[in-house]
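Step one of this worksheet: look at the structure below.
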Amino acid sequence: MGTIRCTLGKTGLLALFFSYSILSFAQQASAPATSQRPIAPIKTPVSLRSDITIEKVMNTGKLGVRLLKNEKTGEFWYSTFDGNVFKITDFDTPNAIEQKIFSAEDHGITRLQGAAFLNNTLFLCGNISANGGKGTKGRMVKYDLSKAKPVLTEVFNTVEYGTNATTFDHGWNALVISKDKKYIYVNSGARTDHGEVQDNNGAYPNARDNALTSNVFRFPVNSQNLILTTDEAKLKADGFLYAQGIRNAYDMTFDGKGNLFGVVNSGDYDQSEEMFWIRQGHHYGFPWQLAGIENPQQYPTWVPDPAKDPFISPGAHAWVVKYFRNDPNFPKIPEGVKFSPGVQNLGPDANEYRDIATGKIVDGDITGKTVSTFNAHSVPLGLVFDTKNALSSEFSGDGFVFRYGGGSDRPGTNLLRKSGKDLMHLEMTYNAAADNYYMKTTTIVNNFNAPVDAIMVDNKIYVMEHGTANSEGGRIWKISLPKK
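In terms of mature numbering (1 follows the signal peptide of the UniProt record, and there is no 0), the sequence shown is residues -26 to -1, 1 to 458.
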């Protein structure tokens, strides 16, 4: 995820789900620091089609990251990075009001990034601090809300491993329930930008990513009191380690056919952001390859230099703090591992990329090449599918995703960052020869502020915008798409 440092300020949020150079949303302190950057005025999203409308539903509190619906009761909820969980009464009416139900003191997750409902059971996932803040542990709990007093059950805790003093420690985050309701999937993002050593000032010598990071896991929904270790062989033998080599799939969901997809932010090197068709046993390349571009730090003779390597921006955080460096001890690609590619973007939108041959930023519409998958540093979030085929024939069964990053009109902004902060329509087609999906990507609404999570209900997409620690809070918008 490039490095997200603008609107999220120092909340640690974005670097967690993004790795973009705009926010820092990583797993740092439990209490986000206040940014001194002026707060930008709130924009109103703009539809690019006459048959799509946008309405503001309500304001929300600060640091919101997950928007969800209890299908059992019909209630809408949202959760915040610092551990609060709210229920919204009279949602999508003028009388909508939020009520805090849980806090970090209740469930013990001080960096809460994942939330999902299964019937009337609420799953929560994230990280807790260890070793005086130098280390961390992943944690998942679930609440049975059918009782007069909600009952908490621990699903898993991990052993301690090193957090770090960077914006690139992404943590445990996205949750999704399988279509048959037997499993819960969870993403654990990388604790590095691109596989470099992150020892937290010597507290965890030579620590890079481990078996508990940069992977997607799957657990039976009735799991409880599990202890997860960094033993990769055991995680596989227990059936928990589902897919590997995914830098940070901060949002995952199933399409109408039961395929699991996730959207991923890449690092500070100008590799494209990806969308993966996540399948059991597949490896998606991190940290050796992202978006089809090799990570040069794996080669012992590489000496990074922005003057010679256009994929490194002189202002990139990973360059400024010397995480790009000569690294002769970088791990080798495991023997026999084959990398699965990202979904291929045919354009016309989000398909700008930096060409590996020339180093220049080019447009896939002009070069005729596909992109794996979205323009670099665009931070794709809020992935949803029309699983009920409720939309008109043009959109029926298709996917939609928001870009948190980009959307800059500042003079001199390069093509990788000009477009963004929008909602895109994903018209996907399976390519049997490639055993992969290809898609046409088209922006249909733009001018969002900070779209962080979304859910789809019939022909409506509800999207929550993140409010930083020093803002008045976030918002929820309703986008109404043409019905069948």
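Every residue gets a Cβ at the ideal spot worked out from N, C-alpha and C, and that includes glycine. Since this is a predicted model, take the numbers as computed values, not measurements.
Here's the rule: buried if 16 or more other CB atoms are within 10 angstroms of the residue's CB, otherwise exposed. What is residue i?
i           : result
ARG391      : buried
ALA89       : buried
THR34       : buried
GLY394      : buried
ALA331      : exposed
VAL59       : buried
THR442      : buried
residue 461 : Only positions -26 to 458 of the chain appear in the structure, and residue 461 is not among them; the question remains open.
GLU309      : exposed
ILE340      : exposed
VAL20       : exposed
ARG449      : buried
PRO68       : exposed
GLN218      : buried
TYR224      : buried
SER120      : exposed
THR18       : exposed
THR387      : exposed
VAL39       : buried
GLN1        : Here the model assigns GLN1 a pLDDT of 34, short of 50, so the residue's position is not dependable, and the following value carries that caveat. Buried: at least 16 other Cβ atoms inside 10 Å.
LEU37       : buried
With H, G and I counted as helix, E and B as strand and the rest as coil, what does DSSP make of residue i?
i      : result
GLU134 : coil
ASN180 : coil
GLY163 : coil
ALA89  : strand
VAL294 : helix
ASN349 : coil
GLN172 : coil
THR442 : coil
VAL195 : coil
THR18  : coil
VAL437 : strand
GLU72  : strand
LYS457 : strand
SER366 : coil
SER314 : coil
LYS334 : coil
THR417 : strand
LYS46  : coil
LYS306 : coil
ARG299 : coil
LYS452 : strand
SER53  : strand
LYS30  : strand
CB-CB under 6 Å to residue i, same chain, minus the five flanking residues each way: which ones, in chain order?
i           : result
LYS452      : GLU29, VAL31, LYS434 and TYR436
SER314      : HIS256 and TYR258
residue 481 : Past the boundaries of the shown model lies residue 481; the chain is included only from -26 to 458, so the question cannot be answered.
LEU200      : PHE130
HIS81       : LEU98 and VAL115
PHE50       : LYS43, ILE62 and PHE65
PRO124      : TYR117
ARG192      : TYR157, TYR159 and TYR216
GLU206      : ALA185
PHE304      : GLN271 and GLN272
The alpha helix (DSSP H) spanning residue i covers which residue range?
i      : result
ASN340 : For the record, residue 340 in the displayed sequence is Ile; it is not Asn. Note, ILE340: alpha helix (DSSP H), 338 to 341.
VAL115 : Where VAL115 is concerned, there is no enclosing alpha helix (DSSP H), although the beta strand (DSSP E) it sits in stretches over 109 to 118.
ASP427 : It is not in any alpha helix (DSSP H) - ASP427 instead sits in the beta strand (DSSP E) that spans 425 to 431.
For residue i, I'd like the list of residues in its chain whose CB is within less than 7 Å of its CB, leaving aside the five on either flank, ordered along the chain.
i      : result
VAL375 : VAL237, PRO354, GLY356, LEU357, MET398 and LEU400
VAL171 : ASN180, ALA181 and ARG182
GLN73  : PHE60, LYS61 and THR63
ALA265 : SER240, GLN245, SER246, GLU248, GLY316 and SER346
Taking residue i as part of the beta strand (DSSP E), name the residues at either end of that continuous run.
i      : result
ALA104 : 95 to 104
GLU326 : 326 to 328
ALA78  : Where ALA78 is concerned, there is no enclosing beta strand (DSSP E), although the alpha helix (DSSP H) it sits in stretches over 78 to 81.
GLN318 : 318 to 322
LYS148 : According to the sequence shown, residue 148 is Ala rather than Lys. Counting along the chain, the beta strand (DSSP E) containing ALA148 begins and ends at 146 to 151.
PRO124 : It is not in any beta strand (DSSP E) - PRO124 carries neither H nor E in the DSSP assignment.
ILE26  : Looking at the DSSP string, ILE26 is not in any beta strand (DSSP E), and its letter there is neither H nor E.
ARG40  : 38 to 43
PRO354 : 354 to 359
VAL59  : 59 to 63
THR67  : First-last for THR67: undefined, no H or E at that position.
LEU202 : 200 to 202
Tell me which same chain residues have a C-beta within less than 8 Å of the C-beta of residue i, skipping the five on either side of it?
i      : result
ASP173 : GLY136, ASN138, PRO179, ASN180 and ALA181
PRO284 : ASP244, ARG328, GLY333 and LYS334
LYS362 : GLY230 and ASP432
Q: Ignoring anything shorter than 3 residues or poking outside the segment 206 to 285, list the beta strand (DSSP E) runs there in chain order.
A: 215 to 218, 223 to 228, 234 to 238 and 248 to 251
Q | Complete runs of the beta strand (DSSP E) confined to the segment 369 to 415 [at least 3 residues] | A | 373 to 377 and 397 to 405
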